[in-house]
Amino acid sequence: MIDWLQHAPIYPIAVPLIAGAAMLLLADKRRGLRAGIGLAASLAQLAAAITLLALAAGVGGVWPSGVGVYLPGDWPAPFGIVLVVDRLSAVMLTLTAVLGLASLIYSLARWDHLGVHFHSLFQFLLMGLNGAFLTGDLFNLFVFFEVLLAASYGLILHGSGVARVSAGLQYIAINLVASFLLLISIALIYGVTGTLNLADLAVRAGVLGGSDRLLFEAGAAVLGLAFLVKAGAWPLNFWLVRGYSAASAPVAAVFSIMTKVGIYALLRIGSLLLPTGAPAAFSLDWMFAAGLATLIFGAIGLLATQRLDQLVSYCVILSAGTLLTALGMPGVRLTGPALFYLLSSVLATGAFFMLVELVERTQTFGANVLAVTLDMFDLDDPESPNRSDDVVGVAIPAAMAFLGLSFVSCALLVTGLPPLSGFVAKFSLLSAAVAEANASTQPADAWILVAAVLAAGLAGIVAFGRAGMRIFWGNEERTTPRLRVFEAGPVAVLILLCVALAAGAGPVSAYLDDAARSLDQPALYIDAVLSANPARTLGGH
Numbered sequence: 093m094i095d096w097l098q099h100a101p102i103y104p105i106a107v108p109l110i111a112g113a114a115m116l117l118l119a120d121k122r123r124g125l126r127a128g129i130g131l132a133a134s135l136a137q138l139a140a141a142i143t144l145l146a147l148a149a150g151v152g153g154v155w156p157s158g159v160g161v162y163l164p165g166d167w168p169a170p171f172g173i174v175l176v177v178d179r180l181s182a183v184m185l186t187l188t189a190v191l192g193l194a195s196l197i198y199s200l201a202r203w204d205h206l207g208v209h210f211h212s213l214f215q216f217l218l219m220g221l222n223g224a225f226l227t228g229d230l231f232n233l234f235v236f237f238e239v240l241l242a243a244s245y246g247l248i249l250h251g252s253g254v255a256r257v258s259a260g261l262q263y264i265a266i267n268l269v270a271s272f273l274l275l276i277s278i279a280l281i282y283g284v285t286g287t288l289n290l291a292d293l294a295v296r297a298g299v300l301g302g303s304d305r306l307l308f309e310a311g312a313a314v315l316g317l318a319f320l321v322k323a324g325a326w327p328l329n330f331w332l333v334r335g336y337s338a339a340s341a342p343v344a345a346v347f348s349i350m351t352k353v354g355i356y357a358l359l360r361i362g363s364l365l366l367p368t369g370a371p372a373a374f375s376l377d378w379m380f381a382a383g384l385a386t387l388i389f390g391a392i393g394l395l396a397t398q399r400l401d402q403l404v405s406y407c408v409i410l411s412a413g414t415l416l417t418a419l420g421m422p423g424v425r426l427t428g429p430a431l432f433y434l435l436s437s438v439l440a441t442g443a444f445f446m447l448v449e450l451v452e453r454t455q456t457f458g459a460n461v462l463a464v465t466l467d468m469f470d471l472d473d474p475e476s477p478n479r480s481d482d483v484v485g486v487a488i489p490a491a492m493a494f495l496g497l498s499f500v501s502c503a504l505l506v507t508g509l510p511p512l513s514g515f516v517a518k519f520s521l522l523s524a525a526v527a528e529a530n531a532s533t534q535p536a537d538a539w540i541l542v543a544a545v546l547a548a549g550l551a552g553i554v555a556f557g558r559a560g561m562r563i564f565w566g567n568e569e570r571t572t573p574r575l576r577v578f579e580a581g582p583v584a585v586l587i588l589l590c591v592a593l594a595a596g597a598g599p600v601s602a603y604l605d606d607a608a609r610s611l612d613q614p615a616l617y618i619d620a621v622l623s624a625n626p627a628r629t630l631g632g633h
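Just so we're aligned: 455 in this note's numbering is position 363 of the sequence shown, and the numbers increase by one with no gaps anywhere.
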């Protein structure tokens, strides 16, 4: 049993890799089998993530320090590839698995049919996300970034359409530039330090001086810039709203966690470099300023647009700004509440992206667009074997009531109003900011954070109140759509998970606070990685 658990860190990468590759070998007509393999792989990833969540908390005593290290090539750090699991990475893996499973189930209603290799690309996307959260070195972080981006290029174009192709090409171009910057920064850092292992890099960076230190600072600056693009920070997020709004509903839902990969990378690398004198690119003041600008931009965007899909996209920017601003505060007082906010915001925006497509069916224009898409892929022909109505099960009753209740719930979540987890997250974040202001000799930043978050919440209330009245009360041509269980179920589950987060806020916050404290003690991470022994030295494999 212990041997099985010791190999657990590789499962979130190996499972989607094997499943995605296997589905490439299946003919396009074997859609049912592809869907079954995809669902099984997603469930296995969820089980593996929950297992890692427990192991990182010390359950079973497998990882006494709370940090698990896996050596896929059986070479010790810093020479070999290293996968590292702690509380933070385990939380991100679980969030990815939950959101991925919900989005995949939603896609089975019709979207997985509107193109080729959807299920393989979806699994490769999950593999890239999981790998980015697990990897312990910069080069493999770049590799997993490229895996998830390559899969996202295909997924963002999935479903065809001029708007989708145009936005997708812009998305591809911007991310290729960001990847090029990431590769340049990795080359600079390796040339100066001679290592890309994050734990070893934290040790060597502290002893750099002179010209080597300047080159390292330059490499770190380029690295931070690349992560900012991927995190959706202003002014480098001009591509996000258009790209996310044009993507199909299940793809946009799973994309809601992709900006958090950049934030995770900034948090992970910054926490390791902070004790050694973090480069300017990873300093707290820099993160605070970037986050505040992003938060203001997102709030203005909410007020400036009336399209529901763009409103949700601006909510992704708002969440990125809030996280960067909170994580830019000194100490770890705000880190735990920020992680709670991350969980709630990702689940809420994921549910909202799927809900948008359902709500647009109540509008004549949205119904026409969907009809054209279905006709393009021969899915609306009564004689077609691929007809959507034949494969997605029964329709749910009271469709408009479900849409209205779900819209209100999602709006409450993203604006931070009671009683759901969005309120708990913002309340705990603002409480921590006020406590920080009272304890600090320079409380200005904390009060700025409080004011910015409250102002953004007010902007969200105005924007979604306006949108709700227009959609549900101001449209006389509204039609009642036929919602399938595979479509309504994932939205409901994600919202109910937010309800569960609010109900279980105590234990969840305690776990996240422990994750924050572990980030404040990078020696635990460094020692666990650099002291990990290959299996062959222990007499086993």
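Beta carbons: idealized from backbone N, C-alpha and C, even for Gly.
With a 10 Å radius around its C-beta and 16 neighbouring C-beta atoms as the bar for buried, classify Ala201 as buried or exposed.
-> Counting other Cβ atoms within 10 Å of its Cβ, Ala201 reaches 16 or more and is therefore classed as buried.
Measuring alpha carbon to alpha carbon, tell me which of Met492, Val239, Val545 and Leu233 ends up nearest Leu575.
-> Of Met492, Val239, Val545 and Leu233, the residue nearest in Cα terms is Met492.
Taking all protein chains shown into account, decide if Val190 is buried (16 or more other Cβ within 10 angstroms of its Cβ) or exposed.
-> The residue is buried, with at least 16 neighbouring Cβ atoms inside 10 Å.
The alpha helix (DSSP H) enclosing Val408, as first and last residue numbers = Note, Val408: alpha helix (DSSP H), Leu400 to Leu419.
Looking only at C-alpha atoms, which of Leu290, Ala182 and Ser277 sits nearest to Leu364?
-> That would be Leu290, whose Cα lies nearest to the Cα of Leu364.
Give a yes or no on whether the C-beta atoms belonging to Ile649 and Phe432 are separated by under 8 Å.
-> There is simply no residue 649 to check, as the chain begins at 93 and stops at 633 in what is shown.
Continuous alpha helix (DSSP H) assignments of at least 4 residues falling wholly in the stretch 287-334 | For the stretch 287-334, whole alpha helix (DSSP H) runs of length 4 or above, ordered along the chain, are 290-297 and 302-323.
Run through DSSP, which three-state label would Asp605 get?
-> Of the three classes helix, strand and coil, the one that applies to Asp605 here is helix, per DSSP.
Would you mind working out which of Gly552, Gly496, Gly112 and Pro626 sits nearest Thr572, comparing C-alpha positions?
-> When each option's Cα is compared against that of Thr572, the closest is Gly496.
Do the stretch 176-191 and the stretch 154-162 make contact, defined as three or more Cβ pairs closer than 8 Å?
-> A contact between stretches requires three or more CB pairs, one per stretch, nearer than 8 Å, and the stretch 176-191 meets this requirement with the stretch 154-162.
Nearest residue (CA-CA) to Glu449, options Val343, Tyr603 and Ser523 = Ranking Val343, Tyr603 and Ser523 by Cα distance to Glu449 puts Val343 first.
Taking all protein chains shown into account, decide if Ala255 is buried (16 or more other Cβ within 10 angstroms of its Cβ) or exposed.
-> Exposed.
Quick one, which of Thr188, Val321, Ala169 and Leu118 has its alpha-carbon nearest Pro104's?
-> Residue Thr188 holds the alpha-carbon nearest to the alpha-carbon of Pro104 among Thr188, Val321, Ala169 and Leu118.
Within 10 angstroms of its Cβ, does Ala624 collect 16 or more other Cβ (buried), or is it exposed?
-> Classification for Ala624: buried.
Taking the Cβ atom as the reference point for each residue, do Gln137 and Leu218 lie within a distance shorter than 8 Å?
-> Leu218 is positioned such that its CB atom lies closer than 8 Å to that of Gln137.
Between Leu230, Val545 and His250, which lies nearest to Gly362 when the distance is taken from Cα to Cα?
-> Gly362 has its Cα closest to that of Leu230, out of Leu230, Val545 and His250.
What does DSSP give as the partner residues of Val161 in its beta bridges?
-> Per DSSP, Val176.
Proximity to Ala584 [Cα-Cα], best of Ala525, Met446 and Asp537 | Residue Met446 is the option with its Cα nearest to Ala584.
Out of curiosity, what's the CA-to-CA distance linking Ala548 and Gly557?
-> Between the alpha carbons of Ala548 and Gly557 lies a distance of about 14 Å.
How about the stretch 307-320 and the stretch 267-277: do they share at least three Cβ pairs that are nearer than 8 Å?
-> Three or more beta-carbon pairs drawn from the stretch 307-320 and the stretch 267-277 are found closer than 8 Å, and the two stretches are therefore classed as touching.
Between Gly420, Val321, Leu293 and Ala391, which lies nearest to Trp378 when the distance is taken from Cα to Cα?
-> Residue Gly420 is the option with its Cα nearest to Trp378.
In chain order, what residues of the same chain lie with their CB nearer than 8 Å to the CB of Phe515, ignoring the 5 residues before and after it?
-> Excluding sequence neighbours, Phe515 sits near Leu504, Gly508, Leu509 and Ala594.
Can you give the beta carbon distance from Ala412 to Ala323, rounded, assuming they're within the 8 Å contact cut?
-> Between Ala412 and Ala323 the beta-carbon gap is near 5 Å, inside 8 Å, which marks them as a contact.
Is it the case that the Cβ atoms of Ala551 and Leu395 are separated by a distance below 8 Å?
-> In this structure, Ala551 sits near Leu395, with a CB-CB distance shorter than 8 Å.
Per DSSP, what kind of secondary structure is Thr227 in: helix, strand or coil?
-> Note: Thr227 maps to strand in three-state DSSP.
Below 6 Å CB to CB, which residues in the same chain sit around Gly112 once its five sequence neighbours on both sides are set aside?
-> Non-local C-beta neighbours of Gly112 in its own chain, meaning closer than 6 Å and more than five positions away in sequence, comprise Ser212, Gln215 and Phe216, ordered along the chain.
Under the rule that 16 or more other beta-carbon atoms within 10 Å means buried, what is Ile618, buried or exposed?
-> Result: buried.
Do Ser244 and Gly192 come within 8 Å of each other at the CB atom, strictly closer than that value?
-> Gly192 is not a Cβ neighbour of Ser244, given a cutoff of 8 Å.
For Arg576, three-class secondary structure by DSSP | Reduced to three states, the DSSP call for Arg576 is strand.
Among residues of its own chain, excluding the 5 on either side of Leu175, which ones have a beta-carbon nearer than 7 Å to its beta-carbon?
-> Cβ neighbours of Leu175 beyond the five flanking positions: Pro101, Ile102, Tyr162, Pro164, Leu226, Thr227 and Gly228.
Near Ser513, which residues of its chain fall below 6 Å by C-beta distance, leaving aside the five closest residues on each side in sequence?
-> Around Ser513: Ser436, Cys590, Leu593 and Ala594.
Would DSSP call Ile392 helix, strand or coil?
-> The three-state reading of DSSP puts Ile392 in helix, counting H, G and I together.
Straight-line Cα distance separating Ala345 from Pro626 = Each residue's alpha carbon lies about 39 Å from the other.
May I have the straight-line CA-CA distance separating Met561 from Gly428, to the nearest angstrom?
-> The straight-line gap from Cα to Cα measures roughly 36 Å.
Provide the residue span of the alpha helix (DSSP H) that contains Trp167, from first to last.
-> Neither: Trp167 is in no alpha helix (DSSP H) and is coded neither H nor E.
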